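Take a look at the structure set out below.
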Amino acid sequence: MDAHVNSANSLAQAIDAAAAAIHGQLIAWRRDLHAHPELGNREFRTAGIVAAHLRGLGLDEVRTEVAHTGVVGLLKGALPGPVVALRADMDALPVAEEVDVPFASKVRTTWNGEEVGVMHACGHDAHVAILLGVATLLSGLRAQLRGSVKFIFQPAEELPPEGEEGGAKLMIEQGALEHPVPQAIFGLHVTSRLPSGVIGYRPGPTMASADNLKITIHGRQTHGAMPWFGVDPIVTAAQVVLGLQTVVSRNVDLTHEPAVVTIGAIKGGVRENIIPDSVEMRGTIRSFDETMRDAIHERVTTLAEAISLGARAGCTVCIKKNYPVTVNDPALTAAMQPTLQRVAGAQGLMLVPKVMGSEDFSFFQRIVPGLFFFVGVTPPGVDPTTSAPNHSPRFFVDEGALLLGVRALAQLAGDFLESARNR
551 MDAHVNSANS LAQAIDAAAA AIHGQLIAWR RDLHAHPELG NREFRTAGIV
601 AAHLRGLGLD EVRTEVAHTG VVGLLKGALP GPVVALRADM DALPVAEEVD
651 VPFASKVRTT WNGEEVGVMH ACGHDAHVAI LLGVATLLSG LRAQLRGSVK
701 FIFQPAEELP PEGEEGGAKL MIEQGALEHP VPQAIFGLHV TSRLPSGVIG
751 YRPGPTMASA DNLKITIHGR QTHGAMPWFG VDPIVTAAQV VLGLQTVVSR
801 NVDLTHEPAV VTIGAIKGGV RENIIPDSVE MRGTIRSFDE TMRDAIHERV
851 TTLAEAISLG ARAGCTVCIK KNYPVTVNDP ALTAAMQPTL QRVAGAQGLM
901 LVPKVMGSED FSFFQRIVPG LFFFVGVTPP GVDPTTSAPN HSPRFFVDEG
951 ALLLGVRALA QLAGDFLESA RNR
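According to our numbering, the residues represented by the sequence shown are 551 to 973, in order.
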């Protein structure tokens, strides 16, 4: 037991020393990636940089073009042991940057038929830089590694273009968690909701499921002055929107888990005096329980169809499941909490509330136990409650937080591999 403790302490100290030495490289990687963002399934330059660096480190295996542009690297330690996986997402968002930094993105491209700006508005550039850093320092500590580390650089976390598949689900289908199969997977996300230097975590359901909702109300077009000659889909749509507010407020047990049903877009009609044939509504459904998720889907469909029937209108409801609930394995989270505490320091680890945002890291967690946590990137002196949120064109990353992310992922991997002696 003492030998195990000494071995673990030695590896932890070596990781911290190696991490400090690459801080400058982390910043350089992150700034280069930030200035050259790429959208989902189009991360060609980013994937090339990742693959070239992993090969240069002498990893035992580097596989490319997984789920279009994904990269999977395998580092085998010198000592026998289990396999642990670490994941970083690579894609940017169709957002025009408004942050005044020398490396701000000027990139523009076409996304789903529209010309858009492109920005790492969710911090995936930081994630890639962090995991490149982890691969760099762990490859240099191969002689002390007990087992293997799989590095998963994932495309299209923010969803692929319409009509394409991608992301974690496709990576899994194409064998990212096979040959070898990891016993655990860890991932992180930078967030402006926490100050730099703070790690946030939560056991169990942590981020919501995410489903796309499209409701089309089918009426009968007529003159706006004579609505009785047709069926008004606009009035019906308004009744449906109001009715949907009762799904969560009156039909879901909110003492169990929170949920949200939101209509974010309504399209119908072209002129003030013409009642149109149809109205389309689009929205999102969020929940933290898979059984509740299915119940909400059923209630939304039944309610929309029934209201439309009462108005003599037709109704088509389409619900597309995107991401499952992100659930941190309770046992794994409890086992690794001391590692996060050691890395973050006495005041640097926080139990955070549930997040209504979603993550396709959840697909990995359906295959192997996983832990997904948050790293604060709001600079000192700035209130995280007022700082620009992720997905904002003004989202800003304090680059001092990159080192904390590297240490956290590397120490989690090292401690998990070392703990195999006790399993």
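Built from N, CA and C at the ideal position, the CB exists for glycine as well. Fair warning: this is a prediction, and the values are worked out from it, not measured in the lab.
Handout entry: DSSP bridge partner residues for Trp661 (one or two, in chain order)
Key = Residue pairing of Trp661 in beta bridges, as defined by DSSP: Glu664.
Handout entry: Per-residue burial, Ala567 [other beta carbons within 10 Å of its own, 16 or more giving buried]
Key = Its Cβ having fewer than 16 others within 10 Å, Ala567 is exposed.
Practice task
Out of Pro777, Asp782 and Ala570, point me to the one whose CA is closest to Cys865's CA.
Solution key: In this structure, Asp782 is the residue among Pro777, Asp782 and Ala570 with its C-alpha nearest to the C-alpha of Cys865.
Practice task
Give every residue of the same chain whose Cβ lies closer than 6 Å to the Cβ of Ala861, excluding the five residues on either side of it in the sequence, and list them in chain order.
Solution key: Excluding sequence positions up to five before and after Ala861, its CB lies within less than 6 Å of the CB of Thr786, all in the same chain and listed in chain order.
Practice task
Take Tyr873 and list the residues in its own chain whose beta-carbon comes closer than 7 Å to its own, dropping the five residues that flank it on each side.
Solution key: Excluding positions up to five away in sequence, the list reads Ser759, Ala760, Ser908, Glu909, Asp910 and Ser912.
Handout entry: Nearest to Glu647 (by Cα), restricted to the options Asn940, Asp965 and Ile813
Key = Comparing Cα positions, the closest option is Asn940.
Practice task
Classify Val717 as helix, strand or coil using the three-state DSSP reduction.
Solution key: Val is not the amino acid found at residue 717; the sequence shown has Gly there. Three-state DSSP puts Gly717 in a helix.
Problem - Cut-off 7 Å between Cβ atoms - residues of its own chain near Ala970, not counting five sequence neighbours on either side - result: Around Ala970: Gly631, Pro632, Arg696 and Gly697.
Problem - Range of the contiguous alpha helix (DSSP H) that encloses Ser912 - result: Per DSSP, Ser912 belongs to the alpha helix (DSSP H) from Phe911 to Gln915.
Exercise for the section: Measure the alpha-carbon distance for Leu691 versus Ala960 and round it to whole angstroms. Expected result: Those two C-alpha atoms are separated by around 11 Å.
Practice task
Can you tell me which of Gln897, Ser837, Ala569 and Gly818 puts its alpha carbon nearest to the alpha carbon of Cys812?
Solution key: Residue 812 is actually Thr in this sequence, not Cys. That would be Ser837, whose Cα lies nearest to the Cα of Thr812.
Problem - Helix, strand or coil at Pro880 [DSSP, three-state] - result: Under the three-state reduction of DSSP, Pro880 is assigned to helix.
Practice task
Name the residue from His674, Ala569, Val657 and Ala881 whose alpha carbon lies nearest to the alpha carbon of Gly667.
Solution key: Taking only the C-alpha atoms, the option nearest Gly667 is Val657.
Exercise for the section: Please go through the segment 842 to 878 and give each complete beta strand (DSSP E) segment of 3 or more residues, from N-terminal end onward. Expected result: Fully enclosed beta strand (DSSP E) runs of 3 or longer: 864 to 873 and 876 to 878.
Exercise for the section: Decide if His674 is buried, meaning its Cβ has at least 16 other Cβ atoms within 10 Å, or exposed. Expected result: Buried, since its Cβ has 16 or more Cβ neighbours within 10 Å.
Handout entry: Gln897 - containing beta strand (DSSP E), residue span
Key = In this chain, Gln897 is not harboured by any beta strand (DSSP E), its DSSP state being neither H nor E.
Practice task
Starting from Ala809, follow its DSSP beta bridges and name the residues at the other end.
Solution key: DSSP output for Ala809 lists Ser837 as bridge partner(s).
Exercise for the section: Under 6 Å Cβ to Cβ from Val979, same chain only, skipping five residues before and after it: list those, please. Expected result: Outside the displayed span of the chain (551 to 973) sits residue 979, for which this structure offers no information.
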